[in-house]
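In this note's numbering, the protein residues as written are 26 to 359.
Yeah, the Cβ is synthetic: ideal placement off N, Cα and C, and Gly gets one too.
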Ligand code: KG4
Ligand code: ZN
């Protein structure tokens, strides 16, 4: 079985062809990020307009890249992100997916974007051993998830305020860096001193939840008090404090649950410091570290196709009346 995956929940217009052996035949990603940089964040209106202009060409390219005829492709279903995300962006992908499904006479299935991220490591390593603890950290979400197997997940904890990537982006903005801020802070932190600023590691309570907004405020206060601290040292201190919080919660989860591996997912999973920390933690507990390639960490449609294959096999097709769910939580996924 082959699916066309479509992802338009934020600023990436993406399409991919994936089969039920989780082989990725093609994957295409167009980002409108350049249009948002000057605004310091994604502008929903611009993102929606960009999706409308890009979705057709991106789908065509994905189909041709998989060696398929774009007018009559040998595709068995269309999988599309139906939430969570920006409503105007989700609607473009969802409408396109329904139209393709109708035109080609095949079923379509709505996919939760976060569940899509959980499938990303599987696309690079099909023989994953379960159960798995996954740290899903992106611009919009921060969760620790216990996965008993593909599609079987339990949310152990999540952020009570900002997402980890959001904290990166806000601190970067405060430091006068570009958007998105994560990659830039990651780069600046390379030569910086992580002990230059004493920053709090918030949320040391006995649960699996995160909180990053206090850390962001602490960076603002510390840099106001010590304006001469080099920017690389600020970046390294912030990155170390944020990484320490993520690691403490992950360590607690590893102590509590007997798992075979730890996986990273979401845009912040591209962070070089976090990857080093998680690999070392996995070694310490004698479990496998699954660190997806950078392309598989960030938003893409192959992961949506993979999650869609699973959902289609277990829950069947979605109704053509399916609407977008901008706030669809992972805990509410069947
Ligand atoms: O998953 P993603 O591509 O989009 C969603 O939010 O769904 O994640 C984007 C986030 C941004 O906040 C960006 O600053 C962050 O991931 N990010 C990073 C790095 N690369 C991207 N954060 C820290 N270090 C990085 N190297
Ligand atoms: Zn995402």
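In its own chain, which residues sit with a C-beta less than 8 Å from the C-beta of residue 99, not counting the 5 before and 5 after it?
-> Sequence-distant partners of residue 99 (beyond 5 residues in either direction) whose C-beta falls short of 8 Å from its own C-beta, in its chain, are 27 and 93.
Spell out a yes or no on whether the region 113-131 and the region 181-188 are touching, meaning 3 or more CB-CB pairs, one atom from each, closer than 8 Å.
-> no
Residue 216 in three-state terms, based on DSSP | coil
For the beta strand (DSSP E) that residue 181 lies in, which residues bound it at each end?
-> 177-183
Per DSSP, which one or two residues make a beta bridge with residue 44?
-> 27
CB residue 359 to CB residue 54, shorter than 9 Å?
-> no
Which of the three DSSP states, helix, strand or coil, is assigned to residue 235?
-> Here residue 235 sits in strand by DSSP.
Is the region 244-257 touching the region 282-289, taking contact as three or more C-beta pairs under 8 Å?
-> no
Alpha-carbon to alpha-carbon, residue 79 and residue 39 = Taking the straight line joining both Cα atoms gives about 9 Å.
Kindly list the residues whose CB is nearer than 7 Å to the CB of residue 327, restricted to its own chain and excluding five residues on each side of it in sequence; keep chain order.
-> Within the same chain, residue 327 has close Cβ partners 30, 41, 43, 49, 52 and 148.
Once you ignore the five residues that flank residue 331 on each side, which residues in its own chain have a CB closer than 7 Å to its CB?
-> 43, 47, 144, 147 and 148
Is residue 76 near the ligand KG4, going by C-beta to nearest heavy atom under 8 Å?
-> no
Is DSSP giving residue 150 helix, strand or coil here?
-> coil
Use the C-beta contact count for residue 152: other C-beta atoms within 10 angstroms, 16 or more gives buried, fewer gives exposed.
-> exposed
Cα-Cα, which of 195, 160 and 240 is closest to residue 179?
-> 160
Which word fits residue 264, buried or exposed, when buried means at least 16 other C-beta atoms lie within 10 angstroms of its C-beta?
-> buried
Pocket of the ligand ZN (residues with CB nearer than 6 Å to any heavy atom), chain order = Those satisfying the condition are, in chain order, 138, 142, 163, 291 and 324.
Which residues in the same chain as residue 114 place their Cβ atom closer than 8 Å to its Cβ, once the five residues preceding and following it in sequence are excluded?
-> 33, 34, 35, 36, 69, 72, 73 and 76
Could you say which of 340, 187, 209 and 119 lies nearest to residue 346 if we only look at CA atoms?
-> 119
What first and last residue would you give for the alpha helix (DSSP H) that runs through residue 190?
-> 189-199
State yes or no: is the C-beta of residue 70 nearer than 8 Å to some heavy atom of the ligand KG4?
-> no
Going straight from the alpha carbon of residue 351 to that of residue 239, what length do you get?
-> 26 Å
Could you please give the first and the last residue of the uninterrupted alpha helix (DSSP H) stretch that includes residue 124?
-> 112-129
Got a sec: does the ligand KG4 put a non-hydrogen atom nearer than 8 Å to the Cβ of residue 166?
-> yes
Grouping DSSP H, G and I as helix and E and B as strand, with all else coil, what is residue 105?
-> Residue 105 carries a strand assignment under DSSP once its states are collapsed to helix, strand and coil.
Separation of residue 83 from residue 14, as counted between CA atoms = Absent from the model: residue 14. The displayed extent of the chain is 26 to 359, so no value can be given.
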